[in-house]
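In full-length UniProt numbering, the protein residues as written are 1 to 199.
Heads up, the beta-carbon is just placed ideally off N, CA and C, and yes, glycines get one too.
Below: one structure, written as structure tokens.
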């Protein structure tokens, strides 16, 4: 019976195998893309942390060039130091040059001041207040409108969104080829509690 298998049956078998292989290939591509996005988001966060730490060292009167060089040599940036904000600005008067406190003076439109929230915090906060899932482009447009002094790039916002997904603060859903983001239930509940407490 197997010797008399019609050619159409063999064609169907090959068609199914090719379709399965193609599906597996596309799934692997998506996995690699997700991993790449996560790594980009992690790199972006590390660069942002380095920028804040260098600014803080400059405020404290340290040599900016040696601080930047030292920052490049280290492999990890402690996150706990980011919250120090303007701590120690009163002690900066002993430096040779007058220093400027974070958030004052001229600021570049591309970065953020030391006291401002990160892109990840902004995206989580925006989605927690939104009435449904949003794409990275929609989130970028909303943040650009809400924060005109900061340069919003869709790739940076997408990385921040993926970071939120990795930390279980956001959820990702797909509709066709489009990806949408919404707050994780715990993040949405904490936003509603915060909104209720604020006047």
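With distance defined between alpha-carbon atoms, name the residue in the options nearest to residue i.
i	options	result
residue 136	123, 18, 58, 14	123
residue 160	13, 20, 118, 175	118
residue 177	156, 139, 26, 60	26
residue 173	133, 185, 11, 45	133
residue 155	12, 14, 43	43
Just verifying my parser: in three-state terms, what is the DSSP assignment at residue i?
i	result
residue 173	strand
residue 152	coil
residue 183	strand
residue 140	helix
residue 178	strand
residue 15	helix
residue 31	helix
Below 9 angstroms between beta carbons: does that hold for residue i and residue j?
i	j	result
residue 157	residue 139	yes
residue 38	residue 125	no
residue 182	residue 141	no
residue 175	residue 120	no
residue 55	residue 114	yes
Taking all protein chains shown into account, decide if residue i is buried (16 or more other Cβ within 10 angstroms of its Cβ) or exposed.
i	result
residue 35	exposed
residue 153	exposed
residue 41	buried
residue 169	buried
Evaluate the contact criterion for the segment 22–39 versus the segment 143–150: three or more CB pairs, one atom per stretch, below 8 angstroms.
no
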